[in-house]
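The structure appears right after this line, and notes come after that.
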DNA sequence: ATAAGGTACTTGATGCATCTTTTTTGACGT
DNA sequence: ACGTCAAAAAAGATGCATCAAGTACCTTAT
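What follows is the structure in structure tokens.
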């Protein structure tokens, strides 16, 4: 789904990094989960070296942390941290939406509509994973339309951090997740930057409510073994 | 000067990463410079492993790039990319300044004034390196005062990318680099978020002008050998 | 003198052995 | 049962050997 920086030549470490990024963003890891380099090496069928490389990059992204020198885990998320990420997203996705509203072609808008329609169907079908992916795809489309690759990368890293915390929230949220995507598309059609920005901000604040709830009231499950 | 995520336990790879970050932000690398893992390993007196780890992290930060599978270099900066980074900084440092204006204690303000005074002296003395460092320190203080560590990290990565492109620009800029820091401090004293934001935006746009000039008119020097 | 072809070298990627420290585990005593 | 402590196992860090691919250089034939 989400293609990463194609620029990088395909190493094993990039493959592993990409796979782990996908897993993270799809909520296939839970906060507290432990990662073991040797186990992952076995899963990926490589030596430990490419795994270490990928782990180090993920740690650099703060998507995983070293709780202690030998304990690699998916970190928890303090409420303050989530609120900070949300505030950053509002500024950055607001910028992306404004710029996209000025530059969007009809092809861009069509692509957004396709994603939104598929997302709708996924939610109807109760396909949580697909719904999550398509929601993310929608958000990543805006900086892409806006021609803002740096911004896109920053958001990708933020999503890497949010991934483990949104898995269950989407079920609770249901259609609320995409309700605000319609006005975004409308604003882009009208080339109305202010409206596009406001719509995406609404989406971040209101659509993201279940995520915050979960972080605050903690759907605490015991840390799993890797 | 700039302390990084203290959370990480001190590995060799973190030491190398930190050292390279410092070098990058101090403008000790030029765009086009080539990095060789074995050479760096010799310089740092380690094996190649920790160097590779650090290089991979820096590449993940897009502070260095793999021009081809065996050619690690300091990347150039397209004008569009610089403009994008500037737009992002405006949004994020604006947020930091607003929040800092609400939260700043007198101790925070004092710390800023100390940095600014030292920066002034460094510029008087023509100490380009110190001036650069203190300017960065000033900018990093705002998200710190605002209690926004995620934002701080994003900005750090952006500075990593800008580092190689600002070295000479500062000399040309001279005092213009810090002229706009005074109104920032004034706004923080008055707890005036809007004024703080505007001041920092002025700094980014006007103070950063020489950097943009250099990128556009390229102070192109031939790529050095590492 | 020049260009083609091939050889040697450079260099990052990968795998693996080993080191040190942490984590786990289980025995023991309270 | 519970906590403590020590031995054993685990796990990341580091170094290094080797691989493959790209680069540079040198030979050789025209």
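Residue numbers (this note's numbering), protein chains in the order written: chain A, 1 to 226; chain B, 1001 to 1226.
Note that the Cβ used here is the ideal one computed from N, Cα and C, for glycine as well.
Our contact map puts residue 211 of chain A next to residue 165 of chain A with C-beta atoms below 8 Å; I'd like the distance itself, whole angstroms only. Taking the first chain and counting its residues from 1, one reaches residue 211 of chain A at position 211. Taking the first chain and counting its residues from 1, one reaches residue 165 of chain A at position 165. Between residue 165 of chain A and residue 211 of chain A the Cβ distance is about 6 Å, and since that is below 8 Å, they are a contact.
Express the C-alpha separation of residue 189 of chain A and residue 106 of chain A in angstroms, rounding to a whole number. Indexing the first chain from 1 puts residue 106 of chain A at position 106. Indexing the first chain from 1 puts residue 189 of chain A at position 189. Taking the straight line joining both Cα atoms gives about 8 Å.
Note down, in chain order, each residue of its chain lying with its Cβ closer than 6 Å to the Cβ of residue 1015 of chain B, except the 5 sequence neighbours on either side. Indexing the second chain from 1 puts residue 1015 of chain B at position 15. Nothing meets the Cβ criterion.
Are the region 1117–1124 of chain B and the region 1132–1144 of chain B in contact at 8 Å, needing three or more beta carbon pairs? The region 1117–1124 of chain B vs the region 1132–1144 of chain B: in contact.
DSSP-derived helix/strand/coil call for residue 140 of chain A: As a position in the first chain, residue 140 of chain A is number 140, starting the count at 1. In the structure shown, residue 140 of chain A sits in a helix (DSSP, three-state: H, G or I).
Considering residue 71 of chain A, what are the terminal residues of the beta strand (DSSP E) in which it resides? Counting from one through the first chain, the residue named residue 71 of chain A turns up at place 71. Residue 71 of chain A -> beta strand (DSSP E) spans 71–73.
Could you name the residues of the region 59–84 of chain A whose beta carbon sits closer than 8 Å to any beta carbon of chain B, in the order they occur along the chain? For the region 59–84 of chain A, which is checked against every Cβ of chain B, the residues closer than 8 Å are 59, 60, 61, 62, 65, 66, 68, 69, 80, 81, 84.
Which residues share a DSSP beta bridge with residue 68 of chain A? Mapped onto the first chain, residue 68 of chain A falls at position 68. Residue pairing from DSSP places residue 68 of chain A in a beta bridge opposite A:71.
For chain A, is any of its Cβ atoms less than 8 Å away from the one on residue 1150 of chain B? Within the second chain, the letter at position 150 stands for residue 1150 of chain B. Cβ-Cβ to chain A under 8 Å: yes for residue 1150 of chain B.
When the Cα of residue 25 of chain A is compared with those of A:206, A:202, A:161, which residue comes out closest? Counted from its first residue, the first chain places residue 25 of chain A at position 25. Here the closest residue by C-alpha is A:161.
Buried or exposed (CB count within 10 angstroms, at least 16 for buried), residue 1196 of chain B: Here residue 1196 of chain B refers to the residue found at position 196 when the second chain is read from its first residue. When all chains shown are included, residue 1196 of chain B counts as buried.
Touching by the beta-carbon criterion (3+ pairs, under 8 Å), the region 1066–1085 of chain B and the region 1137–1145 of chain B: No, they do not touch.
What does residue 1087 of chain B touch in chain A if you count any residue whose Cβ is under 7 Å from its own? Start at 1 with the first residue of the second chain, and residue 1087 of chain B comes out as number 87. In chain order, 95 make up the part of chain A whose C-beta sits under 7 Å from the C-beta of residue 1087 of chain B.
Rounded distance between the beta-carbons of residue 214 of chain A and residue 170 of chain A, thought under 8 Å: In the first chain, residue 170 of chain A corresponds to position 170, counting from 1. In the first chain, residue 214 of chain A corresponds to position 214, counting from 1. In fact, because the Cβ distance is near 10 Å, the residues do not count as touching under 8 Å.
Using a Cβ-Cβ cut-off of less than 8 Å, give me the residues of the region 1193–1205 of chain B that come near chain A, in sequence order. Residues of the region 1193–1205 of chain B whose Cβ lies closer than 8 Å to any Cβ of chain A: none.
Which of the three DSSP states is assigned to residue 148 of chain A in this structure? Residue mapping note: residue 148 of chain A aligns to position 148 of the first chain, counting from 1. Taken through DSSP and simplified to helix, strand or coil, residue 148 of chain A comes out as coil.
Return the bridge partner residues of residue 1117 of chain B from the DSSP annotation. Taking the second chain and counting its residues from 1, one reaches residue 1117 of chain B at position 117. Residue 1117 of chain B is bridged by DSSP to nothing; it lacks a bridge partner.
What alpha helix (DSSP H) runs, 4 residues minimum, are completely inside the region 24–97 of chain A? Uninterrupted alpha helix (DSSP H) stretches at least 4 residues long and entirely within the region 24–97 of chain A occur at 37–44, 48–60, given in chain order.
What is the C-beta distance between residue 1116 of chain B and residue 1185 of chain B, in whole angstroms, given that I count them as a contact (C-beta under 8 Å)? What you label residue 1116 of chain B is simply residue 116 of the second chain in a count that begins at 1. What you label residue 1185 of chain B is simply residue 185 of the second chain in a count that begins at 1. Residue 1185 of chain B and residue 1116 of chain B do touch by the CB rule: their CB atoms are close to 7 Å apart, below 8 Å.
Separation of residue 1092 of chain B from residue 1151 of chain B, as counted between CA atoms: Counting from one through the second chain, the residue named residue 1151 of chain B turns up at place 151. Counting from one through the second chain, the residue named residue 1092 of chain B turns up at place 92. Rounded to whole angstroms, residue 1151 of chain B and residue 1092 of chain B show a C-alpha spacing of 7 Å.
Kindly list the residues whose CB is nearer than 7 Å to the CB of residue 1051 of chain B, restricted to its own chain and excluding five residues on each side of it in sequence; keep chain order. Start at 1 with the first residue of the second chain, and residue 1051 of chain B comes out as number 51. Same-chain partners within the cutoff: 1016, 1037, 1040, 1041, 1044.
The alpha helix (DSSP H) that contains residue 183 of chain A, what's its start and end? On the first chain, position 183 is the one that residue 183 of chain A refers to. 181–189 is the extent of the alpha helix (DSSP H) around residue 183 of chain A.
Secondary structure at residue 1166 of chain B, three-state DSSP: helix, strand or coil? Numbered from its first residue, the second chain carries residue 1166 of chain B at position 166. Coil, per DSSP.
Just the Cα atoms here: how many angstroms apart are residue 157 of chain A and residue 1168 of chain B? Position 157 of the first chain, counted from the first residue, corresponds to residue 157 of chain A. Position 168 of the second chain, counted from the first residue, corresponds to residue 1168 of chain B. Approximately 31 Å between the Cα atoms of the pair.
In chain A, which residues lie less than 8 Å from residue 1013 of chain B when you measure between Cβ atoms? To locate residue 1013 of chain B, count along the second chain from 1; it is residue 13. Contact annotation for residue 1013 of chain B against chain A: 56 [CB-CB distance below 8 Å, chain order].
When the cut-off is 8 Å and only beta carbons count, does residue 1154 of chain B lie next to chain A? In the second chain, counting from the first residue as 1, residue 1154 of chain B sits at position 154. Yes, its Cβ sits closer than 8 Å to a Cβ of chain A.
Is residue 1105 of chain B helix, strand or coil by DSSP? Taking the second chain and counting its residues from 1, one reaches residue 1105 of chain B at position 105. Collapsing the DSSP output to three states places residue 1105 of chain B in coil.
Return the CA-CA distance between residue 1034 of chain B and residue 1073 of chain B, expressed in angstroms with no decimal places. Reading the second chain from its first residue, position 34 is the one you call residue 1034 of chain B. Reading the second chain from its first residue, position 73 is the one you call residue 1073 of chain B. Distance between the alpha carbons of residue 1034 of chain B and residue 1073 of chain B is about 4 Å.
What is the DSSP secondary structure of residue 1001 of chain B, counted as helix, strand or coil? Here the question's residue 1001 of chain B lines up with position 1 in the second chain. For residue 1001 of chain B, the pLDDT reaches just 41, beneath the cut-off of 50, and the residue's location in the model is therefore unreliable, although a value from the coordinates is still provided. For residue 1001 of chain B, the secondary structure class from DSSP, reduced to helix, strand or coil, is coil.
Out of A:163, A:76, A:9, which one is the CA nearest neighbour of residue 1056 of chain B? Here the question's residue 1056 of chain B lines up with position 56 in the second chain. Minimum Cα-Cα distance from residue 1056 of chain B among the listed residues A:163, A:76, A:9 corresponds to A:9.
Excluding the 5 residues preceding and the 5 following residue 1174 of chain B in the sequence, name in chain order all residues of the same chain whose CB lies nearer than 8 Å to its CB. The residue you call residue 1174 of chain B lines up with position 174 of the second chain. If we look at residue 1174 of chain B and ignore the five residues flanking it on each side, its Cβ neighbours are 1123.
Mind listing the chain A neighbours of residue 1009 of chain B? Cutoff is C-beta to C-beta under 7 Å, in chain order. As a position in the second chain, residue 1009 of chain B is number 9, starting the count at 1. Those are 66, 69, listed as they occur along chain A.
In angstroms with no decimal places, state the Cα-to-Cα distance between residue 163 of chain A and residue 1207 of chain B. As a first step, residue 163 of chain A is located in the first chain; it is residue number 163 there, counting from the start. As a first step, residue 1207 of chain B is located in the second chain; it is residue number 207 there, counting from the start. Near 38 Å, if we compare the C-alpha coordinates of residue 1207 of chain B and residue 163 of chain A.
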